[in-house]
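One line per chain: the protein sequences are A, B, C and D, in this order.
So that you can map any letter, position 73 of the first sequence is 73 in this note's numbering, and since no number is skipped, the others follow by simple counting.
Just so we're on the same page, this note's numbering is the position in the second sequence counted from 1, plus 1000.
Just so we're on the same page, this note's numbering is the position in the third sequence counted from 1, plus 2000.
Just so we're on the same page, this note's numbering is the position in the fourth sequence counted from 1, plus 3000.
Where a beta carbon is used, it is the ideal one built from N, C-alpha and C, also for glycine.
What you are looking at is a predicted structure, and each value in this text was computed from that prediction instead of being measured.
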Amino acid sequence: MSQSSAKPDGIHLRLEMLSQPRYLSGARELVAAVAKRLGFTEQACGQIALAIDEALCNVMCHGYGRDPNGVIWLSIEPLGGHAPDNGATGIKVVIEDEAKQIDPAKIKSRDLDDVRPGGLGVHIIHEVMDSVCFQKRETKGMRLSLEKRIDDDGADSGGCCTEGACGHER
Amino acid sequence: MSQSSAKPDGIHLRLEMLSQPRYLSGARELVAAVAKRLGFTEQACGQIALAIDEALCNVMCHGYGRDPNGVIWLSIEPLGGHAPDNGATGIKVVIEDEAKQIDPAKIKSRDLDDVRPGGLGVHIIHEVMDSVCFQKRETKGMRLSLEKRIDDDGADSGGCCTEGACGHER
Amino acid sequence: MMARIPADVAQRGLAGMSGEQMKIDVEQNEASVVLTPHGEIDLSSSPELRESLLSALRGNPSKLIVNLCKTPYMDSSGVATLVEAMQKAMRSQTKLVLCGMEDKVRSIFEIARLDAVFTIVDDTDAAQTV
Amino acid sequence: MMARIPADVAQRGLAGMSGEQMKIDVEQNEASVVLTPHGEIDLSSSPELRESLLSALRGNPSKLIVNLCKTPYMDSSGVATLVEAMQKAMRSQTKLVLCGMEDKVRSIFEIARLDAVFTIVDDTDAAQTV
Ligand SMILES: Nc1ncnc2c1ncn2[C@@H]1O[C@H](COP(=O)(O)OP(=O)(O)O)[C@@H](O)[C@H]1O
Ligand SMILES: Nc1ncnc2c1ncn2[C@@H]1O[C@H](COP(=O)(O)OP(=O)(O)O)[C@@H](O)[C@H]1O
Chain A
1 MSQSSAKPDG IHLRLEMLSQ PRYLSGAREL VAAVAKRLGF TEQACGQIAL AIDEALCNVM
61 CHGYGRDPNG VIWLSIEPLG GHAPDNGATG IKVVIEDEAK QIDPAKIKSR DLDDVRPGGL
121 GVHIIHEVMD SVCFQKRETK GMRLSLEKRI DDDGADSGGC CTEGACGHER
Chain B
1001 MSQSSAKPDG IHLRLEMLSQ PRYLSGAREL VAAVAKRLGF TEQACGQIAL AIDEALCNVM
1061 CHGYGRDPNG VIWLSIEPLG GHAPDNGATG IKVVIEDEAK QIDPAKIKSR DLDDVRPGGL
1121 GVHIIHEVMD SVCFQKRETK GMRLSLEKRI DDDGADSGGC CTEGACGHER
Chain C
2001 MMARIPADVA QRGLAGMSGE QMKIDVEQNE ASVVLTPHGE IDLSSSPELR ESLLSALRGN
2061 PSKLIVNLCK TPYMDSSGVA TLVEAMQKAM RSQTKLVLCG MEDKVRSIFE IARLDAVFTI
2121 VDDTDAAQTV
Chain D
3001 MMARIPADVA QRGLAGMSGE QMKIDVEQNE ASVVLTPHGE IDLSSSPELR ESLLSALRGN
3061 PSKLIVNLCK TPYMDSSGVA TLVEAMQKAM RSQTKLVLCG MEDKVRSIFE IARLDAVFTI
3121 VDDTDAAQTV
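Here it is in structure tokens:
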């Protein structure tokens, strides 16, 4: 992690963490507290925390195959103006790893009617966030870009893509 | 921030953040949630959150002179065994900045009997944490290393130094 | 910058990384068992909930009540654990009842459309009579 | 990697970065004013508490009650704000009373040894009669 000058790419916070379940609560509390300050309701913050938790669980379990030595990066960007006193219009969270790559089209949850343990995480992420983009990173690992707008009930409201890679980058 | 392989120096989480007060809550919630999982009581987690908040406030206000463009790094390390299932014996948090350097001996709170607004942060940090070390970083900026042991009431119990630089590094 | 764990420790994987924090109260009545987990249920604590559910089911109670009034948070690993327990319970004629859910926890059951699949009631009193 | 803010925006400094989130209820009685801040009081929200305290003190009430029952967290910037208000209140013969403190908030007053300096009571009823 270099400590040199920062590029003006909109990221205001960036967490680097080991792929260990005991750190899930720290990561989701970080995102929830930032979302709260950006203007999300308590309820929306709870849902965002859940989506982040599910995304990180998937990286830990499927990406790193439960290896506790994997590294995960989580970056947070306020949407709609980066000035500290500008009202944000939403939040963008990007989760990156160095784990195995998978075709984004293959990342989907089970049919909800087929009740069995598991298979809910990706569905939850799509329900909560307005935009969900899985991509292979250029070198290795995956990137998941998540966006949610403030004052949006989180219902399906036209994210840039809901299945697979979108190539859409802000 | 490089994403290359990680050095085995004990750090399990590392947050890079802009020096903006609206991100204080995210940083302290991150640390409090990690401390909880490492085995600290709810009350101890609250106190650790407060100490982290005070330290970050000081970097923002005194170090960066309220410039919202400063960068702050906060790293978290479990003490007493880095294996994910080993009971941790405590937590180490290191806060670094690129702000102006100050003689660590000059960093102290006001006399508590002289009641006036402000001048409490450094006192609070010393009360809560078992070890408090202010240092000038090699290049630029300051480094504050904080440690707290589990099952310790946070009372003055012999940190490596309580005033000024100690040169002591784990 | 980040610390890797030695290979021998890492090989034990995540199983050993779970649950050392979660307290689960077990209350054994004549025909029912009430489990009350204390704390957040996520990937790090759900294995412990799973152990506790399986152990309670082994006793073949006619009713197993999971009281979530001390559970401020649950993710899909917790929900998966409860789905597994429900399926096991059905096979052994045990009635599984959830109660005491906070809104935040209820919302994940709604998102997963499992709120109609589970028997969910307000509190342990209601759970005893359902 | 991190985003810097343009110089013209940055020059406004942190003053403009504060408090857009905090809601503070103001209840004006005959001789007393009750302020109830909602939410965490830290460096980002204490300027708004300060505005609200100074504005209440300008009305010269005989008593100013700060009800902290909706304040789950306070750091030393909040404490500093209350110390300033107390000193201003003393000069204008207003009695400043704090009430409704959670243990977590009370502990910072204890650490700062200000629990004996402020008048701290349980709730607004006690604050009205003190
Ligand atoms: N980060 C990831 N890396 C690799 N595969 C993933 C990732 N996230 C999700 N998947 C795939 O998508 C499937 C659905 O994930 P999810 O809905 O979270 O259910 P579950 O994790 O319980 O299987 C997973 O079973 C896995 O095959
Ligand atoms: N990170 C820092 N950089 C520069 N000076 C600092 C830093 N932290 C503390 N100080 C100095 O120590 C003093 C005491 O700090 P503190 O006890 O937190 O009270 P306050 O911040 O209210 O002045 C400050 O006034 C400042 O001069």
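Given that a residue counts as buried once 16 or more other Cβ atoms are within 10 Å of its Cβ, and exposed if not, what is C:Gly2100? Position 100 of the third sequence, counted from the first residue, corresponds to residue 2100 of chain C. By the 10 Å Cβ count, C:Gly2100 comes out buried.
Tell me whether the beta-carbon of B:Ala1027 lies closer than 8 Å to the beta-carbon of B:Ile1048. Translated into the one-based positions of the second sequence, residue 1027 of chain B becomes position 27. Translated into the one-based positions of the second sequence, residue 1048 of chain B becomes position 48. Going by C-beta atoms, B:Ala1027 is not nearer than 8 Å to B:Ile1048.
Below 8 Å, how does it come out for the stretch 2065 to 2083 of chain C and the stretch 2103 to 2113 of chain C: are there three or more Cβ pairs, yes or no? yes
Short check: CB of A:Asp53 to CB of C:Asp2025, under 8 Å? Position 53 of the first sequence, counted from the first residue, corresponds to residue 53 of chain A. Position 25 of the third sequence, counted from the first residue, corresponds to residue 2025 of chain C. It is not a contact, given that the beta carbons lie outside the stated cut-off.
Proximity below 8 Å, CB of C:Asp2075 to CB of A:Cys57: Reading the third sequence from its first residue, position 75 is the one you call residue 2075 of chain C. Reading the first sequence from its first residue, position 57 is the one you call residue 57 of chain A. Yes; because the gap between Cβ atoms is below 8 Å, this pair is in contact.
At a CB-CB cut-off below 7 Å, which residues of chain D make contact with B:Gly1118? Within the second sequence, numbered from 1, the residue matching residue 1118 of chain B stands at position 118. Within chain D, the residues near B:Gly1118 are Ala3080.
Is it right to say D:Glu3027 is buried, meaning 16 or more other beta carbons lie within 10 angstroms of its own, or is it exposed? Sequence index remark: in the fourth sequence, residue 3027 of chain D carries index 27 (1-based). Label assigned to D:Glu3027: exposed.
Identity of the residue in B:Gly1080, B:Leu1024, B:Glu1098, B:Arg1066 nearest B:Arg1143 by Cα: As a working note, residue 1143 of chain B is residue 143 in the second sequence. For B:Arg1143, the nearest C-alpha among the options comes from B:Glu1098.
Cβ of A:Ala88 within 8 Å of Cβ of A:Leu74? For the purposes of this step, residue 88 of chain A is taken as the residue at position 88 of the first sequence. For the purposes of this step, residue 74 of chain A is taken as the residue at position 74 of the first sequence. For A:Ala88 and A:Leu74, no; Cβs fall outside 8 Å.
Buried or exposed for C:Asp2008, going by 16 or more other Cβ atoms inside 10 Å? Position 8 of the third sequence holds residue 2008 of chain C. Model confidence at C:Asp2008 stands at a pLDDT of 44, short of 50, so the residue's coordinates are unreliable; what they give is reported in the following sentence. Result: exposed.
Along the stretch 52 to 69 of chain A, where does the CB come closer than 9 Å to a CB of chain C? Name the residues. Asp53, Glu54, Leu56, Cys57, Met60, Cys61, Gly65, Arg66, Asp67, Pro68, Asn69
Taking 8 Å as the CB-CB limit, is B:Gly1121 close to chain D? The sequence position of residue 1121 of chain B within the second sequence is 121, counting from 1. Judged by the 8 Å Cβ criterion, B:Gly1121 is in contact with chain D.
DSSP three-state label for A:His12, please. Counting from one through the first sequence, the residue named residue 12 of chain A turns up at place 12. A:His12 falls in the coil class under three-state DSSP.
Please determine, among B:Gly1090, B:Leu1050, B:Arg1022, B:Pro1021, the residue with the shortest C-alpha to C-alpha distance to B:Ile1124. Locating residue 1124 of chain B in the second sequence gives position 124, where the first residue counts as 1. Of B:Gly1090, B:Leu1050, B:Arg1022, B:Pro1021, the residue nearest in Cα terms is B:Leu1050.
Which residue wins for smallest C-alpha separation from C:Ala1997, given the options C:Glu2051, C:Glu2048, C:Ile2065? Coverage of chain C is limited to positions 2001 through 2130, which leaves residue 1997 of chain C absent and any answer about it impossible.
Considering only C-alpha positions, which residue in the set B:Gly1010, B:Gly1063, B:Phe1040, B:Val1115 is nearest to B:Leu1018? Residue mapping note: residue 1018 of chain B aligns to position 18 of the second sequence, counting from 1. Ranking the options by Cα distance to B:Leu1018, first place goes to B:Gly1063.
When the Cα atoms are used, what is the spatial distance from C:Asn2067 to C:Val2034? Translated into positions along the third sequence, residue 2067 of chain C becomes position 67. Translated into positions along the third sequence, residue 2034 of chain C becomes position 34. Going by the C-alpha atoms only, they are around 7 Å apart.
Can you list the residues of chain B that A:Glu29 reaches, using a CB-CB cut of under 7 Å? As a first step, residue 29 of chain A must be located in the first sequence, where it is residue number 29. Per Cβ cutoff of 7 Å: Glu1029, Leu1030, Ala1033.
Straight-line CA distance for B:Leu1030 to A:Gln20? Here residue 1030 of chain B refers to the residue found at position 30 of the second sequence. Here residue 20 of chain A refers to the residue found at position 20 of the first sequence. Their backbone Cα atoms lie some 15 Å apart in a straight line.
From the DSSP secondary-structure annotation, give me the bridge partner or partners of B:Val1093. Numbered from 1 along the second sequence, position 93 holds the residue referred to as residue 1093 of chain B. Answer by DSSP bridge pairing, in chain order: B:Ile1076, B:Leu1146.
If I measure Cβ to Cβ from D:Leu3098 and keep anything under 6 Å in the same chain, skipping five residues before and after, which residues do I get? For the purposes of this step, residue 3098 of chain D is identified with residue 98 of the fourth sequence, where counting begins at 1. Here the set comprises Val3066, Phe3118, Ile3120.
D:Leu3096 bridges to which residues according to DSSP? If you number the fourth sequence from 1, residue 3096 of chain D lands on position 96. DSSP, once it has assigned bridges, lists D:Leu3064 as partnering D:Leu3096.
Report buried or exposed for D:Ser3092, applying the criterion of at least 16 other Cβ atoms within 10 angstroms of its Cβ. Translated into the one-based positions of the fourth sequence, residue 3092 of chain D becomes position 92. That one is exposed.
Own chain partners of A:His12 with C-beta closer than 7 Å, once the 5 adjacent residues on each side are dropped: One-based indexing of the first sequence puts residue 12 of chain A at position 12. Counting only Cβ-Cβ distances below 7 Å, and skipping sequence neighbours, we find Ile76, Glu77, Pro78.
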